[in-house]
Structure formats: structure tokens, C-alpha cells
Amino acid sequence: MKHLLCLLALFACSVAHAEETLRFYNWKDYVDPAVLEDFHKQTGVRVEYHSFTTTDELMQTMAKGEAYDVVVPTHFMLRQLLAEHRLATLDTQRLANYRNLDPWVISALAGITDANQHVVPYLWGSIGLLVNPKLAQAAYGSALPNSWSLLFDEQQAGRLAHCGLGMLDAAEESTSLLLNYRGRSLATSSGRQIDRTVQSLQPITRQLRVLSSWDYIDEAAAGKLCLSMSWSGHAVLAKEKNPQLAYLIPDEGAAIYIDTLAIPANAPHPELAYRFIDFLMAPENAVRNAHFTRFYAPLPNTSAAMQALLKDAPGQVLTVEQRRRSYLLESLPEAQRKSLDTAWQQLKASRD
């Protein structure tokens, strides 16, 4: 009888373990479902996937104290989250796959105080130019410079306007790139300087066919845009629909952004969170997620996994030179963010 009771107890424990659930809060469609299923098969832990579509959604959820085990904040959200003590300290010694991560990406995160003590890189991307060379070349009338001047110089943009121009409806990204093109920095600009910079875009935005963070993908694929600012993942998606398109990292540089994996300070299952984060960092899973999302894997270019990805999807691996021309999108204090948001809304209203 005692033997039977022991067996029943062991069975109950094994069932309870198999039914453990990890709550994962991530950007929409930002993980390969097959990776989550494999984690479940290998560990018996079910991943309950919840998604958000804006930074505000994640910040509000964290502020409310909703219980998640792993979250995916973008790097420019970390300053506020760390100041509010929303994230647990991360012991990278407990992550066997941490050694596989790209030192260049980790060093980029090091520019944010204490970031590497609380997060690890998940996926990352860049913001460059999506170009239809045939259409743009014909409209421009001469060799296209590899430069943001094609979009940010009023005269040059005017030469391309009739074949279709697009810009992201993303205040920080667009303004940061404009200031970087002009040799300045969004992070060191005052509220008044930010307002003047954004309003200087009015002559250009009036020539745009698309001011959107999504619509430009189909427009470019359909040949209705010859040049647009673009997130790298969206550029890959557009190129799959129209192979004539090209994605450029301009000579003046491109902004990069890094989405990270973090354990909230109030995570109910931190042990499961460590297991899950380590699973996502395994090279084969990092590449699978890169394939699915079309963004960059956080692995060194020289690794076997990235070399295989380079052959299969060259647009998802930046060269050393392209990396040198890239910079981490700034993280803004609240006062500058408010100035930027106000100026951007006024810019959009001026197009109506």
C-alpha cells in the first residue's frame, strides 16, 4: 500500500511539473511558434504567450505589476524600467548559452547604464533605406548616392517624389536619423532644438506618398514607392515580395535597436525564466527566430549558425563595415520625449 501511495505521489509530482506554465510577454508575432513548442516538449513547461504592439502597452503593463516571467523591452525602454526597479538582476553565469552571444551587440547595450546586468539581447535590427533602384535611378537622373540626403535633402527628395517616397511614422527613429545625418545627436538636443528639427521636415513630409510604420511595405513591393525609410525586418519582408528592392545602410550611418530578454522583478517563476531565456539564446533557436521574424540574430557573424544564415538570408546579416556605420538609437528622458511627441504630432497635422 505504501509503495502504491509513493507511486501515486511521484505521478502527481510529474504531472504538476509537466503542467508548469511560463508567462511570456513579447512583441506581436516576434517568436517562432515552433520554438515555443519545442521548449514545451523538452521541458514540459508550457509557454503562455501574450503580445503587445506598442512600447506604451509594455510600460503600462509593467507599471501595473502584472505577473510575467519573461518580457521583451526594446533597449530605449531600459532606462525607465531600471530607474523604476521593474527588472530583476540577471545572473549570466546561469545561462549556458550566454557565451554564444555577439560581443558587439552586448557592448552596444553597455552604453545604457546597468543594462547588461538586467537583460540579454534577443533580436535586433537597423533602420535604413528601402530602395527600388530601377525606379529611383530613372527618377533621380544620375547615380544614386548611398546617403540619407535622398530623403532628408529637400532638393534631392523632390527629384524622387513623383516615383514615391516613404518615411516611418516613428518620431524618435526619424528625428534621430535626421539629426545624425546633420552631424548632431537627438540625445543632446534640447526641447527647442528638437521642435525646430522636426518642423524642418515639413517641406519633405508634404512630398511623401506614405508616412507610416507599416503601409510602406506593400507600397514598395507593389512598385508605388521608389525609396522609403524602413526597419530592416520590414525591408526583408518587402524584398521577399519584390526581389528588385534593395536595403541600404547609408554612408552617414543607420540607427540600430536591440530587443532584449528580461525577468521582471515580480516574476512568479524566475527559475523557469532562466531556462526559457537560455533556450532562446541557443544558436539554433536564435536563428530560427531570426528567420521567422526577419530580424537579426544576436550571434557573431563568424559563428557557424550565422554563416549558414548568411547563405540563406544575406539581408539578415550586417557586414563589419555596415556595423561600423551604425549607432544605437538614443534613450530619451521624459522631458525630451514629450517635446518630440508634441512636435511630431504637429508635423503630421501639417500634412492634412
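Under mature numbering (1 follows the signal peptide of the UniProt record, and there is no 0), read the sequence shown as residues -18 to -1, 1 to 334, first letter to last. Every residue gets a Cβ at the ideal spot worked out from N, C-alpha and C, and that includes glycine.
Counting only the Cα atoms, Arg306 lies some 30 Å from Ala143. Spanning the alpha carbons of Leu254 and Gly47 requires a straight line of approximately 19 Å. Sequence-distant Cβ neighbours of Met263 in its own chain, meaning closer than 6 Å and more than five residues away, are Asn79. His216 sits buried, since 16 or more C-beta atoms from the chains shown fall within 10 Å of its C-beta.
Residue state for Gly26 is assigned as coil, using DSSP reduced to three classes.
Only residues of its own chain outside the window of five on either side were considered, and among them Asn114, Ala202, Ala203, Ala204 and Gly205 have a CB closer than 8 Å to the CB of Asn224, listed in chain order.
With contact defined as three or more Cβ pairs closer than 8 Å, the segment 149 to 161 and the segment 317 to 324 are in contact.
A direct Cα-to-Cα measurement between Gln226 and Asp233 gives close to 21 Å. Residues of the same chain with a CB within less than 6 Å of the CB of Val13, apart from the 5 flanking positions on each side, are Asn271 in chain order.
If you draw a straight line from the Cα of Leu243 to the Cα of Arg174, it comes to about 35 Å. The segment 299 to 318 makes contact with the segment 159 to 177; the number of CB pairs closer than 8 Å reaches 3 or more. Taking C-beta atoms under 8 Å as the contact rule, Ile231 and Gly146 fail to qualify, at a distance of about 21 Å. Minimum Cα-Cα distance from Gly297 among the listed residues Leu126, Ser214, Phe58 and Arg188 corresponds to Ser214. Counted as a single uninterrupted DSSP element, the stretch harbouring Gly235 is not any beta strand (DSSP E), since DSSP gives it neither H nor E.
If you look at Asn162, you'll find it in the alpha helix (DSSP H) that goes Ala153 to Tyr163.
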